[in-house]
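Beneath this line is the structure, given in structure tokens, with notes to follow.
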Amino acid sequence: MSAALAETAHSFLARYEGLRDHLPGDGAARQAAAAAFAASGLPGPRDEAWKYTPLRALTEIAFHAPLAALADARAPSALLPELGMPRLVLVDGRVQPDLSVLPDGVHISGFAAAPEFGALPGGGRDAMAALNTMLAEDGVRIEVPEGVDAGVLAVISLASEAAHHPVDFHPRHAIRLNAGARLTLLELSRGDGVYLHNPLTELQVGAGAALVAVRLQEESHSAFHLSGTYAEIADGGSYELFLLHLGARLVRSEIDVTLAGPGARFALRAAQALGEARHADITTIVRHAAPHCASRQSVRTVLDGQARGVFQGRVEVARGAQKSDGYQMSQALLLSPDAEMDTKPQLEIYADDVKCSHGATIGELDADQLFYLQSRGVPRAEARGMLVHAFLAETVAALPHAGARGLAESAIAAWLGARPA
Amino acid sequence: MLQITGLAASIDGKDILRGIDLTLPQGEVHAIMGPNGSGKSTLSYVLAGRDGYAVTSGSARLDGADLLAMTPDERAAAGLFLAFQYPVELPGVGNANFLRTALNAQRRARGESELDAVQFLKLARAATKQLSMPDDMLKRNVNVGFSGGEKKRNEVLQMALLRPRLAILDETDSGLDIDALKIVAEGVNALRGPNFSALVITHYQRLLDYIVPDRVHVLVGGRIVRSGGPELAHALEADGYAAIAAEAA
Ligand SMILES: Nc1ncnc2c1ncn2[C@@H]1O[C@H](COP(=O)(O)OP(=O)(O)O)[C@@H](O)[C@H]1O
Ligand SMILES: [Mg+2]
């Protein structure tokens, strides 16, 4: 680990030492995570899983704990969209009851009030997960009772600039759908200024339950978003994730899904759109642990400027997980010669009767399509914008909620409008 | 009107057009006929401004303005329209949105007001109806999953909406059955008038029964080897290009 990474890791550990007696929940779990984090440090260039996503930029910033109490006037309500649905709002990683509107038929609590770390495989297996376990102060807990269709619920994370210096927050979320339950989640993160948002979400989808999640990452272009999602899907359950990386200076979404019971399903439809020297990474691990499970992953990435995109997808099929069906596809559009896409598919298959495939394409805008549009009178810059929009359109059109589609549309339009022609 | 003088162009150093002279007066329709590979599409692409062609000499003027100095979208705004021999598919771009964007871009370039969605749809529905096209053609992605004939009709729909001063139709008739051919011809004939001229590129005399040209030019080996009245198309049909080319040589 470089000296700079070590120094940043050390400052997080020092924070933990200072706070440990005040942090909620199981002190032993935190202590174990702190020990693991002290040993591993922040992921560095020698860490195979982080080879394409260096955290160097993180070390240039002196992060502080967010303010404990947020004065009302400081709440970044301008960032709060009017979605007409129940919502749980966090500001700087802390649940804000005043800004939240609770749903019916669902059990909601906050991590601060009912801290529980859940059964993360291996505890602090991953350095960022360990960091989260070590420093988590709050988060949301959602439980949908058996057979209940809970409709749509938004979980909105806002970052304020209340502290006037860069802050880091590590919310801990737990979402559980009991057997046959249904929920559509709209997960939105937004903010102003420089900060690190390192949320960790543990998901449990029960037998025959269905979770649809639309995750719109629209963090400030100076912010870091490093998230971990650990999902376990029981037999006949499904987790459908729509993931859009539209903001942040550096983002990595790590999605770890275990298809634990026969017939469990996972689907990821993702899009990333970025320019300048920004960085976006989607890293997935899908474990087919039972027979007759299916996973489908499709990621579209548009890169401009010196931006860098990453998609790493690992599919593991366990011995005995026969009739597994795994598919993954990465398509990237490079708008500039300085942009770079790294795609790394990995299949680890220990069963013999399976259907798994992957594919990847990287290309530029099509010259014939551009000329066709121009020949109809559309100026070149506008024609380029139309084709970029078209590349992302399928993913946006598939979003299962009109409000979410609207937010994604306007974020993409804003990005296209701000791009140099 | 269009005035092409001594136009020569090459692709990758290979000479394709070898000195074309052609004057298309305002209000007239001229046909260009010629064998495969004679340079008909190259001529249309050079006029529309596609990348990859080096114009080595000559000029092309539309209403006196230097076409070759303009970008493709400027040429379109100046009134040029090319119906592609092979229309391009645009996955993810809805046909209605495509047409409205194109129309409004041209209106903007000419300093005219843009049409809103309602105004546009009214125009577009009228045009599809006139061309006997199903309305759902507007909802689909541009040319995606269209049959060959539908793609050609979609070109004519674009022409009908954009109302160019000069249309170049590059083998818009090939692959069409007789009913579709009549629709294409009606599309062109509906625009005919003192402010519209067209270059109709075709292999077959058949289309020229429905779009009767003022003049016919024969393009062979990158040169216009003969020009004449509509009867020239019939002679070509009877004797073939070889005879005409030999005669001209
Ligand atoms: N992109 C290209 N690269 C190289 N040669 C080309 C290209 N396009 C056309 N040509 C050549 O130019 C000549 C004229 O082609 P084209 O204009 O398409 O003819 P036509 O439309 O009359 O059939 C042909 O010999 C063809 O092979
Ligand atoms: Mg041709």
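Quick note, the sequences are listed as chains P and G, same order. So in our numbering, spot 377 of the first sequence is number 377, and the numbers just go up one at a time. So in our numbering, spot 14 of the second sequence is number 1014, and the numbers just go up one at a time. Don't be surprised by glycine CBs; every beta carbon is placed ideally from N, CA and C.
*Which residue's Cα is closest to the Cα of alanine 267 of chain P: P:Lys51, P:Leu274, P:Leu259?*
To locate residue 267 of chain P, count along the first sequence from 1; it is residue 267. Out of P:Lys51, P:Leu274, P:Leu259, P:Leu259 has the C-alpha closest to the C-alpha of alanine 267 of chain P.
*tyrosine 350 of chain P, buried or exposed, once every other Cβ within 10 Å from all chains shown has been counted against 16*: Counting from one through the first sequence, the residue named residue 350 of chain P turns up at place 350. Exposed, by the Cβ-count rule.
*What is the chain-ordered set of residues for which the beta carbon lies under 5 angstroms from any non-hydrogen atom of ligand 1?*
G:Ile1011, G:Ile1016, G:Asn1036, G:Gly1037, G:Ser1038, G:Gly1039, G:Lys1040, G:Ser1041, G:Thr1042
*When the Cα atoms are used, what is the spatial distance from valine 1046 of chain G to glutamine 331 of chain P?*
Your numbering for residue 1046 of chain G matches position 46 in the second sequence. Your numbering for residue 331 of chain P matches position 331 in the first sequence. Using only the alpha carbons, I get a separation of about 33 angstroms.
_Classification of lysine 1040 of chain G by the beta-carbon crowding that lies within 10 angstroms, buried from 16 upward_ = Numbered from 1 along the second sequence, position 40 holds the residue referred to as residue 1040 of chain G. Buried, by the Cβ-count rule.
*Roughly how many whole angstroms lie between the Cα atoms of valine 167 of chain P and serine 222 of chain P?*
Numbered from its first residue, the first sequence carries residue 167 of chain P at position 167. Numbered from its first residue, the first sequence carries residue 222 of chain P at position 222. Looking at the two C-alpha atoms, the distance is approximately 12 angstroms.
*Opposite lysine 1014 of chain G in the DSSP bridges: which residues?*
As a working note, residue 1014 of chain G is residue 14 in the second sequence. Note: lysine 1014 of chain G sits in a beta bridge opposite G:Ile1011.
_Residues of its chain near arginine 182 of chain P, where Cβ-Cβ distance is below 6 angstroms and the 5 sequence neighbours each way are ignored_ = Counting from 1 along the first sequence, the entry for residue 182 of chain P is found at position 182. Once the five neighbours on either side are set aside, the close Cβ partners of arginine 182 of chain P are Asp149, Ala210.
*In the DSSP assignment, find the unbroken beta strand (DSSP E) run with glutamine 346 of chain P in it and report its ends.*
As a first step, residue 346 of chain P is located in the first sequence; it is residue number 346 there, counting from the start. Counting along the chain, the beta strand (DSSP E) containing glutamine 346 of chain P begins and ends at 340-349.
*Apart from the five residues just before and just after methionine 329 of chain P, which ones in its own chain have a Cβ nearer than 6 angstroms to its Cβ?*
The residue given as residue 329 of chain P occupies position 329 in the first sequence. Counting only Cβ-Cβ distances below 6 angstroms, and skipping sequence neighbours, we find Ser298, Gly359.
*Step through the CB atoms of chain G and report whether any lies within less than 8 angstroms of the CB of alanine 381 of chain P.*
One-based indexing of the first sequence puts residue 381 of chain P at position 381. Not closer than 8 angstroms to any Cβ of chain G, the Cβ of alanine 381 of chain P fails to qualify, so no.
_Measuring straight from C-alpha to C-alpha, what distance separates proline 45 of chain P and glycine 228 of chain P?_
Position 45 of the first sequence, counted from the first residue, corresponds to residue 45 of chain P. Position 228 of the first sequence, counted from the first residue, corresponds to residue 228 of chain P. Going from the Cα of proline 45 of chain P to the Cα of glycine 228 of chain P covers about 19 angstroms.
_Is glutamine 331 of chain P a contact residue of ligand 2, with contact defined as CB to any heavy atom under 7 angstroms?_
The residue you call residue 331 of chain P lines up with position 331 of the first sequence. Incorrect: glutamine 331 of chain P has no Cβ contact closer than 7 angstroms to ligand 2.
*Chain-order list of residues whose beta-carbon lies under 6 angstroms from that of serine 336 of chain P (same chain, five-residue window excluded)*: Here the question's residue 336 of chain P lines up with position 336 in the first sequence. Result list for serine 336 of chain P: Asp304, Gly305, in chain order.
*asked:* Taking DSSP's pairing of strands, which residues face phenylalanine 1196 of chain G in a bridge?
replied: For this step, residue 1196 of chain G is matched to residue 196 along the second sequence. Per DSSP, G:Gly1193.
*Could you list which residues in chain P have their beta carbon closer than 9 angstroms to that of alanine 1167 of chain G, in chain order?*
One-based indexing of the second sequence puts residue 1167 of chain G at position 167. Those within 9 angstroms of alanine 1167 of chain G in chain P number zero; the least Cβ separation is about 12 angstroms.
*asked:* In whole angstroms, give me the CA-to-CA distance for aspartate 436 of chain P and aspartate 352 of chain P.
replied: Because chain P is modelled from 1 through 421, residue 436 of chain P falls outside the range shown and cannot be assessed.
*Measuring from the CB of glutamate 1171 of chain G, is there a heavy atom of ligand 2 at a distance below 7 angstroms?*
As a position in the second sequence, residue 1171 of chain G is number 171, starting the count at 1. The answer is yes for glutamate 1171 of chain G.
*Neighbouring residues, chain G, relative to glutamate 371 of chain P (Cβ below 9 angstroms)*: Taking the first residue of the first sequence as position 1, residue 371 of chain P is located at position 371. For clarity, residue 371 of chain P is phenylalanine in the given sequence; the question names glutamate instead. Going along chain G in sequence order, the residues near phenylalanine 371 of chain P (Cβ under 9 angstroms) are Tyr1045, Ala1048, Gly1049, Arg1050, Asp1051, Pro1072, Val1088.
*Tell me whether serine 160 of chain P sits in a helix, a strand or coil according to DSSP, three-state version.*
Along the first sequence, one-based indexing puts residue 160 of chain P at 160. The answer is coil: DSSP assigns serine 160 of chain P none of H, G, I, E or B.
*Identify every run of the beta strand (DSSP E) within the segment 1110-1183 of chain G, keeping only runs that are complete inside it and at least 3 residues long; order them along the chain.*
1166-1170
_Using the Cβ count rule (16 or more neighbours within 10 Å means buried), how would you classify proline 97 of chain P?_
Within the first sequence, residue 97 of chain P is the residue found at index 97, counting from 1. Its Cβ having fewer than 16 others within 10 Å, proline 97 of chain P is exposed.
_Strictly under 8 angstroms for the Cβ-Cβ distance: is arginine 376 of chain P near chain G by that measure?_
Here residue 376 of chain P refers to the residue found at position 376 of the first sequence. Interface residue, yes.
*asked:* Using the three-state DSSP reduction, which class does isoleucine 1211 of chain G fall into: helix, strand or coil?
replied: Taking the first residue of the second sequence as position 1, residue 1211 of chain G is located at position 211. Reduced to three states, the DSSP call for isoleucine 1211 of chain G is coil.
_Spatial neighbours of glycine 1034 of chain G in its chain, beta-carbon cut-off 7 angstroms, leaving aside the 5 residues before and after_ = As a position in the second sequence, residue 1034 of chain G is number 34, starting the count at 1. Taken in chain order, the residues that qualify are Lys1040, Val1218, Leu1219, Val1220, Tyr1241.
*In the segment 1085-1110 of chain G, which residue ranges form an unbroken alpha helix (DSSP H) of at least 4 residues, counting only runs that do not cross its ends?*
1095-1109
*Terminal residues of the alpha helix (DSSP H) in which valine 396 of chain P lies*: Residue mapping note: residue 396 of chain P aligns to position 396 of the first sequence, counting from 1. Valine 396 of chain P -> alpha helix (DSSP H) spans 380-397.
*asked:* Just checking glycine 1085 of chain G against ligand 2 - is the residue's beta carbon closer than 7 angstroms to any of the ligand's heavy atoms?
replied: Here residue 1085 of chain G refers to the residue found at position 85 of the second sequence. The sequence shown places glutamine at residue 1085 of chain G, not glycine. Glutamine 1085 of chain G: yes, Cβ under 7 angstroms from ligand 2.
*Distance between serine 109 of chain P and glycine 261 of chain P (C-alpha atoms, nearest Å)*: Locating residue 261 of chain P in the first sequence gives position 261, counting from the first residue. Locating residue 109 of chain P in the first sequence gives position 109, counting from the first residue. One C-alpha to the other measures close to 28 angstroms.
*For a contact meaning CB atoms closer than 8 angstroms, what does glutamine 1119 of chain G contact in chain P?*
Along the second sequence, one-based indexing puts residue 1119 of chain G at 119. The contacting residues do not exist; glutamine 1119 of chain G stays about 17 angstroms from chain P at best.
*For lysine 323 of chain P, which three-state DSSP category applies?*
As a working note, residue 323 of chain P is residue 323 in the first sequence. Three-state result, lysine 323 of chain P: coil.
*In whole angstroms, what separates the C-alpha of alanine 1245 of chain G from that of serine 1010 of chain G?*
Start at 1 with the first residue of the second sequence, and residue 1245 of chain G comes out as number 245. Start at 1 with the first residue of the second sequence, and residue 1010 of chain G comes out as number 10. Alanine 1245 of chain G and serine 1010 of chain G: Cα-Cα distance of roughly 22 angstroms.
*Is the number of C-beta pairs between the segment 407-416 of chain P and the segment 1174-1192 of chain G that are closer than 8 angstroms three or more?*
no
*CB alanine 273 of chain P to CB isoleucine 412 of chain P, shorter than 8 angstroms?*
Locating residue 273 of chain P in the first sequence gives position 273, where the first residue counts as 1. Locating residue 412 of chain P in the first sequence gives position 412, where the first residue counts as 1. The answer is yes: Cβ separation under 8 angstroms.
_Give me, in chain order, the residues of the same chain whose beta-carbon lies closer than 6 angstroms to that of proline 1091 of chain G; leave out the 5 immediate sequence neighbours on both sides._
Here residue 1091 of chain G refers to the residue found at position 91 of the second sequence. So the qualifying residues of the chain are Asn1141, Val1144.
*Would you identify the three-state DSSP class for histidine 173 of chain P, choosing helix, strand or coil?*
What you label residue 173 of chain P is simply residue 173 of the first sequence in a count that begins at 1. Histidine 173 of chain P: strand per DSSP, three-state reduction.
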